[in-house]
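Asker: Counting the sequence shown from 1 gives a position; our numbering is that position plus 506.
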Amino acid sequence: MYYAYDICPKCRNKFFERKEAKENEHDFDVYSDTCCEKCGEGLVLACVGKKKIDDTIYRITFRATESNEIFLNTLCEVNGSDLRTEKDKLADEKNIVLEGDAVHTFLNMDSLTGAAISYEVDPDFPFLRFGNYAVCLCPTCGSKTVVKTEEMQDVEDYMLQGFFCEKCNEWVMHCSISKLALDNAVYCLKFVLEEKNDVKIEKIKRLVESLPNKLEDGQIIISDKAEKIYTLLQHLKAEQISYEIVPSFSHKVTAYKEVTEEDLKEILELVYN
Ligand SMILES: [Zn+2]
Ligand SMILES: [Zn+2]
């Protein structure tokens with residue numbers, strides 16, 4: 507089971523545990539129906555993990571190699587200090603160490619990531635982090651955004667998804683995301699694989715092994731999401747192996763094609779020109 511924790515986008519000072527645990531890490535709604543006890547703002551999802559948050563103290567270490575503005579400002583932000591103090595500290599410390607509980611480590615990791623500073627966390631931070639708190643309020647008008655997904659113009663396989671302010675009629679943050687990744691249906695795929703010594707068949711076997719599979723009456727049966735089984739479908743199509751899939755697969759499957767040296771050359775030319 508997965509446990510989820512919310513944060514107040516305004517106070518950003520503590521985690522609030524969601525009442526319900528869920529089977530999947532992506533099953534939690536972004537917006538909680540609970541409000542911040544201090545300011546009354548609606549809470550938003552901050553992190554999800556397989557275990558509950560305990561009193562572990564995490565240690566973030568990063569190198570103080572640059573003395574640029576972004577770096578120093580980040581230090582001020584994470585330490586709650588001023589520029590002068592941080593500049594003095596840099597003079598004699600090679601590594602900056604920040605120790606803190608889960609919520610402070612979470613906030614510090616976000617600040618460092620935002621400033622493109624690489625860091626290490628010890629022990630490993632065992633939660634999946636969401637940056638919802640930074641985009642759940644519109645920076646222009648302050649109202650609560652909504653999660654929105656819409657079709658993209660001229661792009662068939664991708665959708666736009668992000669946080670949208672309905673009052674300003676503007677995206678606060680958005681990105682393109684493949685329709686495969688957005689498809690949460692679990693498909694049941696069945697096919698028969700001939701026993702023969704062939705590199706391509708071996709490759710299909712390895713793909714099968716990497717997915718939840720079972721063998722029934724000589725048939726391979728796989729149940730998983732669209733994104734997970736897609737490469738396998740491409741290989742089956744390339745080898746002209748017929749298969750059954752339920753529910754019917756709405757995404758277009760193109761036959762798998764090895765990348766040749768010619769293709770590589772073409773890609774490299776595109777990148778360098
Ligand atoms: Zn608050
Ligand atoms: Zn707005």
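Ideal Cβ placement from N, Cα and C applies to all residues, glycine included.
Would you say the beta carbon of LYS771 comes nearer than 7 Å to a heavy atom of ligand 2?
Answerer: Not so, every heavy atom of ligand 2 lies at least 7 Å from the Cβ.
Asker: Quick check: is any heavy atom of ligand 2 less than 7 Å from the C-beta of LYS650?
Answerer: no
Asker: Straight-line CA distance for LYS557 to ASN519?
Answerer: Looking at the two C-alpha atoms, the distance is approximately 21 Å.
Asker: Any idea which residues DSSP pairs CYS642 with across the strands?
Answerer: Answer by DSSP bridge pairing: none, since CYS642 is not bridged.
Asker: Between the stretch 668 to 675 and the stretch 643 to 652, are three or more C-beta pairs nearer than 8 Å?
Answerer: yes
Asker: In terms of DSSP beta bridges, what is ASN719 paired with?
Answerer: ILE728
Asker: Would you mind working out which of ASN703, LEU695 and TYR664 sits nearest LYS685, comparing C-alpha positions?
Answerer: TYR664
Asker: Taking only three categories from DSSP, how would you classify ILE563?
Answerer: coil
Asker: Assuming PHE522 and THR540 make a contact with CB atoms under 8 Å, what is their CB distance in whole Å?
Answerer: 6 Å
Asker: May I have the straight-line CA-CA distance separating PHE633 from ALA510, to the nearest angstrom?
Answerer: 9 Å
Asker: I'd like the span of the alpha helix (DSSP H) that includes THR619, first residue to last.
Answerer: From DSSP, the alpha helix (DSSP H) with THR619 extends over 608 to 620.
Asker: Let's test the definition: count the other Cβ atoms within 10 Å of the Cβ of ALA691 and tell me whether it reaches 16, buried, or not, exposed.
Answerer: exposed
Asker: Compute the Euclidean distance between the alpha carbons of TYR749 and HIS741, then round it to the nearest angstrom.
Answerer: Answer to the nearest angstrom: the Cα atoms are 11 Å apart.
Asker: Suppose the cutoff is 6 Å on Cβ atoms and the five residues either side in sequence are ignored; what does the same chain contact list for ARG524 look like?
Answerer: ALA510
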